[in-house]
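What follows is a single structure, written as structure tokens, with notes after it.
Number of protein chains: 2
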Amino acid sequence: MPPRKLTPEAIASAAVDLADREGIEGLTMRSLARHLGVEAMSLYHHFVGKDALLDAMVDRVYGEIVLPAADGNWRAELRRRSASVREALRRHPWAVPLMESRRTPGPATLAYHDANIACLRAAGFSADQVAHAYAIVDAYVYGFTLSETALPFDTGEEAAVMVQEEPLQALLTAYPNMGWFVENVVLVPGYSFAREFAPGLELLLDGIESRRRGVPASGPSRGA
Amino acid sequence: MPPRKLTPEAIASAAVDLADREGIEGLTMRSLARHLGVEAMSLYHHFVGKDALLDAMVDRVYGEIVLPAADGNWRAELRRRSASVREALRRHPWAVPLMESRRTPGPATLAYHDANIACLRAAGFSADQVAHAYAIVDAYVYGFTLSETALPFDTGEEAAVMVQEEPLQALLTAYPNMGWFVENVVLVPGYSFAREFAPGLELLLDGIESRRRGVPASGPSRGA
DNA sequence: ACCTGAACACCGTTCAAGT
DNA sequence: ACCTGAACACCGTTCAAGT
Chain C
126 MPPRKLTPEA IASAAVDLAD REGIEGLTMR SLARHLGVEA MSLYHHFVGK
176 DALLDAMVDR VYGEIVLPAA DGNWRAELRR RSASVREALR RHPWAVPLME
226 SRRTPGPATL AYHDANIACL RAAGFSADQV AHAYAIVDAY VYGFTLSETA
276 LPFDTGEEAA VMVQEEPLQA LLTAYPNMGW FVENVVLVPG YSFAREFAPG
326 LELLLDGIES RRRGVPASGP SRGA
Chain L
126 MPPRKLTPEA IASAAVDLAD REGIEGLTMR SLARHLGVEA MSLYHHFVGK
176 DALLDAMVDR VYGEIVLPAA DGNWRAELRR RSASVREALR RHPWAVPLME
226 SRRTPGPATL AYHDANIACL RAAGFSADQV AHAYAIVDAY VYGFTLSETA
276 LPFDTGEEAA VMVQEEPLQA LLTAYPNMGW FVENVVLVPG YSFAREFAPG
326 LELLLDGIES RRRGVPASGP SRGA
């Protein structure tokens, strides 16, 4: 289905779809061109190279994220946008390692970061507190989604199938604590890795709120 | 400097060095072979394919991590191993997106996970509490390191140079909250992204400890 | 302005052949 | 058993040429 006209937007959109379906390694300039009913070299008229195309793809993913409102409750807003980030990255798992590595942020990326800072700033966070909260929440959300999309299973049922295999059986007896963990967590009906996301995020938000109210950390390595 | 004998260990070790120096995209079967003074096809006698080589490389990175002791204080042990994970990933930034995605974990990877579970288990964590704590801490550590290694700058001095460039100047006035953030955080002398790591981790450890003592989370989305 | 075809310098990997 | 050389089916990208 070649579109009537080739535009950067149409190309980036088709590239996102292709990466979603075939994985990022299945996205080549040639396969994308074929998909668009066009020759590979035509794409270079709209993007200087594959890297610029990746920039545009990542910006489209940022564009799917619900922006936090500046006048809302900061916890609720951060919670909502974190869920939205995670959903977007689950739709586009190839994007996880790319989201923070692009050196040329697009308009959606910039609008996203601006809205996040605005939200915390409006809630009375100092610049340092914004940096602190933002770094922690993003590390958690990206890291969790990285684990989640990389994991070979999500639910216990899927894991149960894997564990039946001979080599894994041998490993779990050789590593008794992993065996204990698999038996008592992963294989317990109802398990899913995904269920850890929300409670973990609440823990972070609690911690951020406590620190703002002046409750000191109990660890030895605060400050510098 | 071709080594006397070609072994899987020597090949994997050379591959890690090459990826550290040239980046993961500079690591090809051909470049690695050249580096070892050998033909590309010789490597296939020791690894079935490049994927198996990547497995071995990741396992070597896991092997560099200091394992938590089972009889220590769990907070101190988790703190120490988290710092060790981060240091290993800073030495081998190409490994960050690979650490959790390998489907064939090696002995060092298994020993690492086993030691972590053992440490929390010995401290009296239930299986569910281990799953919870492990997921949160790892998400944070991997996510923070992903951000850190992807960031185009670390210190404020490096950022100051970037901000001078014309296109960025225009962007920062178009996105006023980002401008405020850059001015009041990034460009303030002494800034470095890295300094956020330890306090963020303490916040997590505090939260994990509180939950174990039965302090409830204040958010609405706990449990299912 | 927009698209194309051939070509270049690469990839990972197969295969038959060497020692 | 271990290593090699040629070859295959790919990559991203340059360049000169078409409309």
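Chains as they are written, first to last, in our numbering: chain C, 126 to 349; chain L, 126 to 349. Beta carbons are placed, not taken as given, at the ideal position from N, Cα and C, and that holds for glycine.
Can you tell me where the alpha helix (DSSP H) with residue i in it begins and where it stops?
i: Asp-142 of chain L; result: 133-147
i: Leu-426 of chain C; result: Look at the range of chain C in this structure, 126 to 349, and you will see that residue 426 of chain C is not part of it.
i: Asp-239 of chain C; result: 232-247
i: Tyr-187 of chain L; result: 175-188
i: Ala-295 of chain C; result: 291-299
i: Arg-337 of chain C; result: 322-337
i: Glu-308 of chain C; result: Neither: Glu-308 of chain C is in no alpha helix (DSSP H) and is coded neither H nor E.
i: Ser-272 of chain L; result: 252-275
Would you mind sorting residue i into buried or exposed? The rule is 16 or more other CB atoms within 10 Å of its CB.
i: Met-287 of chain C; result: exposed
i: Asn-241 of chain C; result: buried
i: Ala-137 of chain L; result: buried
i: Met-166 of chain L; result: exposed
i: Asp-176 of chain L; result: exposed
i: Arg-159 of chain C; result: exposed
i: Pro-292 of chain L; result: exposed
i: Asp-253 of chain C; result: exposed
i: Thr-298 of chain C; result: exposed
i: Asn-302 of chain C; result: buried
i: Thr-234 of chain L; result: buried
i: Pro-222 of chain L; result: buried
i: Ala-295 of chain C; result: exposed
i: Arg-155 of chain L; result: exposed
i: Arg-216 of chain L; result: exposed
i: Glu-202 of chain L; result: buried
i: Arg-227 of chain C; result: buried
i: Arg-338 of chain L; result: exposed
i: Arg-146 of chain C; result: exposed
Quick one: residues in its chain with C-beta nearer than 7 Å to the C-beta of residue i, no 5 flanking neighbours on either side, listed in chain order?
i: Gly-332 of chain L; result: none
i: Thr-229 of chain L; result: Asp-180
i: Ala-319 of chain L; result: Glu-273 and Asp-279
i: Thr-311 of chain L; result: Correcting the residue identity first, residue 311 of chain L is Val in this sequence and not Thr. Taken in chain order, the residues that qualify are Gly-281 and Ala-284.
i: Ser-207 of chain C; result: Val-262, Val-266 and Leu-326
i: Asp-239 of chain L; result: none
i: Ala-258 of chain C; result: Leu-245, Phe-250 and Ile-333
i: Ile-190 of chain L; result: Arg-206, Ser-209, Val-210, Ala-213 and Tyr-237
i: Tyr-316 of chain L; result: Thr-280, Gly-281 and Val-310
i: Val-307 of chain C; result: Val-288 and Leu-297
i: Ala-248 of chain L; result: Trp-199
i: Gly-304 of chain C; result: Leu-297 and Thr-298
Closer than 8 Å by C-beta to residue i: which residues in its own chain qualify, once you throw out the five before and the five after it? Chain order, please.
i: Gly-148 of chain L; result: Trp-219
i: Phe-269 of chain C; result: Arg-211, Glu-321, Phe-322 and Gly-325
i: Leu-329 of chain L; result: Ile-261, Val-262 and Tyr-265
i: Met-224 of chain L; result: Val-183, Val-186, Tyr-187, Leu-214 and Tyr-267
i: Thr-255 of chain L; result: With the sequence shown as reference, residue 255 of chain L is identified as Val, and Thr is not the correct amino acid for it. So the list reads Ile-242, Leu-245 and Arg-246, once near-sequence residues are dropped.
i: Leu-276 of chain C; result: Phe-318
Within its chain, find whatever has a CB closer than 6 Å to the CB of residue i; leave out the 5 residues flanking it on each side and keep chain order.
i: Glu-334 of chain C; result: none
i: Ala-144 of chain L; result: Leu-152 and Trp-219
i: Met-182 of chain L; result: Ala-137, Ala-140 and Val-141
i: Val-163 of chain C; result: none
i: Tyr-243 of chain C; result: The amino acid at residue 243 of chain C is misidentified as Tyr; the sequence shows Ala. The residues are Ala-195.
i: Thr-132 of chain C; result: none
query: Between the stretch 256-271 of chain C and chain L, which residues of the former have CB atoms less than 9 Å from a CB of the latter, in chain order?
result: Those residues of the stretch 256-271 of chain C that come within reach of chain L (Cβ to Cβ, closer than 9 Å) are Ala-256, His-257, Tyr-259, Ala-260, Ile-261, Asp-263, Ala-264, Tyr-265, Val-266, Tyr-267, Gly-268, Phe-269, Thr-270 and Leu-271.
- prompt: Any residues in the stretch 191-206 of chain C with a beta carbon nearer than 8 Å to a beta carbon of chain L? Which ones, in chain order?
  reply: Listed by position, the residues of the stretch 191-206 of chain C near chain L (Cβ gap below 8 Å) are Arg-200 and Arg-204.
message: Output needed in chain order: residues of the stretch 205-226 of chain L with a Cβ under 7 Å from some Cβ in chain C.
response: Within the stretch 205-226 of chain L, the residues whose Cβ lies closer than 7 Å to some Cβ of chain C are Pro-222, Glu-225 and Ser-226, listed in chain order.
query: Going along the stretch 320-335 of chain L in order, which residues come within less than 9 Å of chain C, judged by CB to CB distance?
result: From the stretch 320-335 of chain L, only Arg-320, Glu-321, Phe-322, Ala-323, Pro-324, Gly-325, Leu-326, Glu-327, Leu-328, Leu-329, Leu-330, Asp-331, Gly-332, Ile-333, Glu-334 and Ser-335 have a Cβ closer than 9 Å to chain C.
message: Report the start-end ranges of each alpha helix (DSSP H) in the stretch 184-218 of chain C that is 4 residues or longer and not cut off at the edges.
response: The qualifying runs are 199-216.
- request: Scan the stretch 286-306 of chain C for residues whose Cβ lies nearer than 8 Å to a Cβ of chain L and list them as they occur along the chain.
  value: Listed in chain order, the positions of the stretch 286-306 of chain C with a beta carbon within less than 8 Å of a beta carbon of chain L are Leu-296, Ala-299, Tyr-300, Pro-301, Asn-302, Met-303, Trp-305 and Phe-306.
- prompt: Taking a cut of 7 Å between CB atoms, which residues from the stretch 159-184 of chain L lie near chain C?
  reply: Listed in sequence order: no entries.
- request: Give, in chain order, every residue of the stretch 238-251 of chain L whose Cβ lies closer than 7 Å to some Cβ of chain C.
  value: For the stretch 238-251 of chain L, which is checked against every Cβ of chain C, the residues closer than 7 Å are His-238, Asp-239, Ile-242, Ala-243 and Arg-246.
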